[in-house]
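See below for the structure under consideration.
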Amino acid sequence: MLKMFITSIKNLFRKPVTQLYPYEKYEPFDGYRGKISWEKGKCTFCMKCGRACTSGAIKILIYSGETKEWVWNPIQCIYCGECVRSCPFGALIQEKYYASPITKGEKLDWSEIEKKAGRLEDRWRRQLRDRRGKRKSE
Amino acid sequence: MKIFELGKAKSPWILHYNTGSCNGCDIELLAVLTPRYDVERFGMLNKGNPKQADILLITGPVTKRCRERLLNLYLQVPEPKVVVAVGTCSCGGGVFRHMYNVENGVERVIPVDVYVPGCAARPQQIIDGVVKALQILREKGRALEVPPHLKKIVRGREGGIDRESLLEDLRRR
Amino acid sequence: MKKIKVNQEICTTIPMGSQHVALPEPVKLVFDTENEVVKRVSFDVSYVHRGIEKSLTTMYDFKKAPYVVGRICGICAIAHSIACTVALERSIGIDGEVPDRVRAVRMIGLELDRLQSHFLINGHLAEVCGYENIFMHLWRCREFILDTADMLFGNRVQYDVVCVGGVNRDIDEKTGTRISEALEEIEESIGFMEEVFTRDKTLVKRLEGLGVVSKDKAFEYGLVGPSARASGVKTDCRIEDDWGMYRDFGLEIITMTEGDALARCLVRVLECFESVRMIREALDSTSPGEEIQLRVRDNPKKDAVCRNEAPRGELFYYIRGTGKKIPGRVKIRTPTFANIPILPHVMIGVRYNDVPPLLMSFDPCLSCTGR
Amino acid sequence: MIEASLMDFKDKIRKLYIPEKVHYIGVDAYEGEEGLEVRYWFFSYETRDVVMVRVSVKHGERVPSISDIVKPAFMGEWEIADLFGIEIEGRVENFFLSPDSPRAPLLNKKKSEDQAGREMGEK
């Protein structure tokens, strides 16, 4: 009984443990695995990150010509950091801030992009094979 | 009417259903209710009964056996309701995408309003998502309100809209 | 609720689940009760079946496997990752070359995971008993452990730190000292938990003598983990199949003889002290090394097994290597899968209001079971 | 590793399994070149070894249950019965799968269809 009383007196003067999160800013620890940011200048579109990605959240769209696009889906990513480690040029950086929730309108149509990426990659591979074949025949 | 709206905005009750996730998001959801994050500051309570809930928090990629239960729960939640998909796998499948017993996310079964990313979603992210859901809940509540030109009929009939008087009103205009 | 006849007696059928306040996971238990005493139990654990075993043999190559199997269960994620990695390393034939530092980091991860899991389930058990205060207190203490994990591995729940041939990130000295400070705080909170589960009259009376499993029964039904150790079975996969340095550090196997719900809780509490000691030993024994990841050139080619002690008990992985990037078969036997067959036998004769604490004292994890 | 056939594997397991000394781990199946294999895993506390009992089974053959010897074995048996489509005594339909999920998902589909076709041809 006495012990209980002492504990409750102690707790009266202790700092509250509650984080008043939305009103109080929260700073994650260094090295938290958060959002992935991409630097266009350093990227050579080697597709290593796309292959290393576990959940298929990175798709690289190579259109005909030189237009290329790097797409990352924040709601498909599992934030394991494998793409960052696999990048040989340091074009990908994992920030320490987490991604914020999104609503319906902001969402990417991921199955459409998946299909498109598959189609474009097939075409790109075919072109590459043709070019190699041509070179050999020459 | 206004008092209900105010009550809903100040104390949204949540319903949590796991549709085959890895438990990671579920324990984070429970952690949101515990002292460190203490989401009861917003008047949120975790309720087991769908009929008392306003916000439906769903984790997991929706396995084939959970699909019907999820639909039933969604239909039992009264209007206005907001669905929040918590975690990567409920948003689009995550690592479970294209597995044979999985539906690739909640949106394939019921409409989703807010997507919370993260594997597993942090408590902060969940709180952000719920705050966003509250705005949507308010908008939806407003949309459900009876238009002003119909208010007279509704009041006369004690809450219920009578078909005959509605048609009469339309004919007059 | 409907009434049916079982052996000429009229029983009331009470379904529990798949959506229930006491259960964070979908599982359906159907009880046939007579005057609130359970007569028959049937269960359905398949709500979470996703088909991970199949996907490991078709979709993902072996380097992605540790991340995928981590998503089997969020509470014991790193135990799955480690068991899978060790089995893969044995299959490739590089398990002898893994540096000591890697083993130490893996051990720290696993023990931290065990700590938070034990806090979680003991808190949840108290809540199910109707003791919400202790639930809140234990979960407040659990946040220190999660903060430590956040600091070390960069995430609170899914650590994703283990990969084939090593670990992704090392623990530098600055963080190392911060952990040892945090460990003291954690130890203090374990002391608090011990005090609650030994001294608190309400909780002790509620749990004492509930769901007794004798030693013979535990052997017969092949119980694993804390549930088996509470009945006096001296088994611990960390000693029996040592991938780390547990034998060198002299891990003690904690056993009790009572075999009731309280003993299962106390085994978990005492294990926490042991886990803290293991983390300290692992931190002190090695210093941050240069090499934390081996280069993996080969594909898995042999058959290999790994038994790892998850927070809930023995976790068994079997990998059939075929020399290709994708293994031929991955078999996962999870701890809860071994603990479920005894549940119907233990629950018979128990009052219905005692069922949730009894279920929780076995620490069921349905995501593991369903896979 | 112990090799056994459908006729004598129960005797071999009965000889091997002593609850105080041997721990039952689980049951697994694998589809090899010549039909299926059912494997029973045990762990011996004394030698600290994992022991495997391998039984080769043809497609469509009926496998007796070992749950009268090893009590907790029934769950693992139901699981492989569902996932591999093996006929095991006392199995429960749809223990893991839903009515609309693919049948016997862990089988190599093409091979089993071939087998079925061949069997049909023979009849």
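Residue numbers (my numbering), protein chains in the order written: chain A, 1 to 138; chain B, 1001 to 1173; chain C, 2001 to 2371; chain D, 3001 to 3123. We treat Cβ as the ideally placed atom computed from N, Cα and C, and that holds for glycine.
Point to revise | Residue from R2295/C, C2265/C, A2282/C whose Cα sits closest to the Cα of L2120/C | key: In the third sequence, counting from the first residue as 1, residue 2120/C sits at position 120. Measuring from the Cα of L2120/C, the nearest candidate turns out to be C2265/C.
Exercise for review: Pick helix, strand or coil for V2049/C, following the three-state DSSP scheme.
Suggested key: Locating residue 2049/C in the third sequence gives position 49, counting from the first residue. In the sequence as displayed, the identity of residue 2049/C is His instead of Val. Residue state, collapsed to three classes: coil.
Practice item. In angstroms with no decimal places, state the Cα-to-Cα distance between L2110/C and A2079/C. Key: Within the third sequence, numbered from 1, the residue matching residue 2110/C stands at position 110. Within the third sequence, numbered from 1, the residue matching residue 2079/C stands at position 79. Near 6 Å, if we compare the C-alpha coordinates of A2079/C and L2110/C.
Review point. To which residues of the same chain is W1013/B closer than 6 Å at the C-beta, ignoring the five residues directly before and after it?
Key: Counted from its first residue, the second sequence places residue 1013/B at position 13. Same-chain partners within the cutoff: L1045, K1047, Q1052, A1053, D1054.
Review point. Shortest alpha-carbon distance to S1090/B belongs to which of L1070/B, Q1076/B, K1132/B, L1137/B?
Key: Mapped onto the second sequence, residue 1090/B falls at position 90. Ranking L1070/B, Q1076/B, K1132/B, L1137/B by Cα distance to S1090/B puts L1070/B first.
Check your understanding: Around the C-beta of P3064/D, are 16 or more other C-beta atoms found within 10 angstroms, so that it is buried, or is it exposed?
Key -> As a working note, residue 3064/D is residue 64 in the fourth sequence. When all chains shown are included, P3064/D counts as exposed.
Review point. In its own chain, which residues sit with a C-beta less than 7 Å from the C-beta of V1109/B, not counting the 5 before and 5 after it?
Key: Your numbering for residue 1109/B matches position 109 in the second sequence. So the list reads V1062, R1067, L1070, L1071, E1103, once near-sequence residues are dropped.
Check your understanding: For T2369/C, is the classification buried or exposed, using 16 other Cβ atoms within 10 angstroms of its Cβ as the cut-off for buried?
Key -> The residue given as residue 2369/C occupies position 369 in the third sequence. Its Cβ being crowded by 16 or more others within 10 Å, T2369/C is buried.
Review point. Is K134/A helix, strand or coil when you go by DSSP?
Key: Indexing the first sequence from 1 puts residue 134/A at position 134. Three-state result, K134/A: helix.
Review point. Just curious, the alpha helix (DSSP H) that S2275/C is in, first and last residue?
Key: Within the third sequence, the letter at position 275 stands for residue 2275/C. Its alpha helix (DSSP H) spans residues 2261 to 2285.
Review point. CA-CA distance, S64/A and R129/A?
Key: Residue 64/A sits at position 64 when you count from the first residue of the first sequence. Residue 129/A sits at position 129 when you count from the first residue of the first sequence. About 15 Å.
Check your understanding: Quick one: does C77/A have its CB under 8 Å from some CB of chain B?
Key -> The count along the first sequence starts at 1 and reaches residue 77/A at position 77. Yes - at least one Cβ of chain B is within 8 Å of the one on C77/A.
Review point. The beta strand (DSSP E) with D2032/C in it runs from where to where?
Key: As a first step, residue 2032/C is located in the third sequence; it is residue number 32 there, counting from the start. Looking at the DSSP string, the run of the beta strand (DSSP E) that includes D2032/C is 2028 to 2034.
Check your understanding: Is it true that the CB of L3016/D sits closer than 8 Å to the CB of F3042/D?
Key -> For the purposes of this step, residue 3042/D is taken as the residue at position 42 of the fourth sequence. For the purposes of this step, residue 3016/D is taken as the residue at position 16 of the fourth sequence. Yes. Within cutoff.
Check your understanding: On the three-state DSSP scale, how would you describe M2245/C?
Key -> The count along the third sequence starts at 1 and reaches residue 2245/C at position 245. Reduced to three states, the DSSP call for M2245/C is coil.
**Study point:** Helix, strand or coil at G2225/C [DSSP, three-state]
**Key:** As a position in the third sequence, residue 2225/C is number 225, starting the count at 1. Correct three-state label for G2225/C: helix.
Check your understanding: Cβ of Y1100/B less than 8 Å from any chain D Cβ?
Key -> Taking the first residue of the second sequence as 1, we reach residue 1100/B at position 100. So, interface residue.
Exercise for review: Compute the distance between the beta-carbons of G1024/B and Q2158/C, then report whether it is under 8 Å.
Suggested key: Position 24 of the second sequence, counted from the start, is the residue given in the question as residue 1024/B. Position 158 of the third sequence, counted from the start, is the residue given in the question as residue 2158/C. In contact: G1024/B and Q2158/C (Cβ atoms closer than 8 Å).
Practice item. Mind checking which residues open and close the alpha helix (DSSP H) that includes N2133/C? Key: Taking the first residue of the third sequence as 1, we reach residue 2133/C at position 133. N2133/C -> alpha helix (DSSP H) spans 2132 to 2153.
Check your understanding: Any contact of the region 2127 to 2141 of chain C with the region 44 to 60 of chain A, i.e. 3+ C-beta pairs under 8 Å?
Key -> no
Review point. Can you tell me the Cα-Cα spacing of R119/A and G1092/B, whole angstroms?
Key: For the purposes of this step, residue 119/A is taken as residue 119 along the first sequence, with counting starting at 1. For the purposes of this step, residue 1092/B is taken as residue 92 along the second sequence, with counting starting at 1. Roughly 21 Å between the two C-alpha positions.
Practice item. Grab me the residues of V1077/B's own chain with a C-beta within less than 8 Å of its C-beta, minus the 5 sequence neighbours each way, in chain order. Key: Indexing the second sequence from 1 puts residue 1077/B at position 77. For V1077/B, where only same-chain residues beyond five positions count, the Cβ hits under 8 Å are L1015, P1050, K1051, A1053, D1054, L1056.
Point to revise | Residues of its chain near S3044/D, where Cβ-Cβ distance is below 7 Å and the 5 sequence neighbours each way are ignored | key: Here residue 3044/D is taken as the residue at index 44 of the fourth sequence, counted from 1. Taken in chain order, the residues that qualify are K3021, V3022, V3051.
Review point. Per DSSP, T1059/B is paired with what?
Key: Indexing the second sequence from 1 puts residue 1059/B at position 59. T1059/B pairs with N1018/B, V1086/B.
Check your understanding: Who are the neighbours of G1092/B on chain A, taking C-beta pairs under 8 Å?
Key -> Locating residue 1092/B in the second sequence gives position 92, counting from the first residue. Those are N73, I75, Q76, W110, listed as they occur along chain A.
Review point. According to DSSP, what are the bridge partners of D3028/D?
Key: Position 28 of the fourth sequence, counted from the start, is the residue given in the question as residue 3028/D. Bridge partners of D3028/D: R3039/D.
Review point. Residue range of the beta strand (DSSP E) that C80/A falls in?
Key: Here residue 80/A refers to the residue found at position 80 of the first sequence. Careful: C80/A lies outside any beta strand (DSSP E) and carries neither H nor E.
Exercise for review: Show which residues of chain B have a CB atom less than 7 Å away from the CB atom of I102/A.
Suggested key: Against the first sequence, residue 102/A aligns to sequence position 102. Within chain B, the residues near I102/A are Y1115.
Review point. Relative to chain C, which residues along the region 3056 to 3078 of chain D have a C-beta separation below 8 Å, given in chain order?
Key: V3070, K3071, P3072, F3074, M3075, G3076
**Study point:** Assigned exposure category for G133/A - 16 Cβ within 10 Å defines buried
**Key:** By 1-based counting over the first sequence, the position of residue 133/A is 133. When all chains shown are included, G133/A counts as exposed.
Review point. If you measure beta-carbon to beta-carbon, which residues of the region 1111 to 1137 of chain B are closer than 7 Å to chain D?
Key: none
**Study point:** Every unbroken beta strand (DSSP E) within the region 1028 to 1052 of chain B, with a cutoff of 3 residues, ordered by chain
**Key:** none
Point to revise | Presumed contact (8 Å Cβ cut-off) between V2098/C and L2294/C, rounded CB distance | key: By 1-based counting over the third sequence, the position of residue 2098/C is 98. By 1-based counting over the third sequence, the position of residue 2294/C is 294. With 8 Å as the limit, V2098/C and L2294/C qualify as a contact, their Cβ atoms being about 7 Å apart.
Check your understanding: Taking 8 Å as the CB-CB cut-off, is D3082/D touching chain G?
Key -> Of the protein chains in the structure, A, B, C and D, none is chain G.
Check your understanding: If V2037/C sits next to R2106/C, beta carbons under 8 Å apart, how far is it from one beta carbon to the other, in whole angstroms?
Key -> As a first step, residue 2037/C must be located in the third sequence, where it is residue number 37. As a first step, residue 2106/C must be located in the third sequence, where it is residue number 106. Actually they are not in contact, since the Cβ atoms of V2037/C and R2106/C sit about 46 Å apart, beyond 8 Å.
**Study point:** Residues that DSSP places opposite V3022/D in a beta bridge
**Key:** To locate residue 3022/D, count along the fourth sequence from 1; it is residue 22. DSSP, once it has assigned bridges, lists S3044/D as partnering V3022/D.
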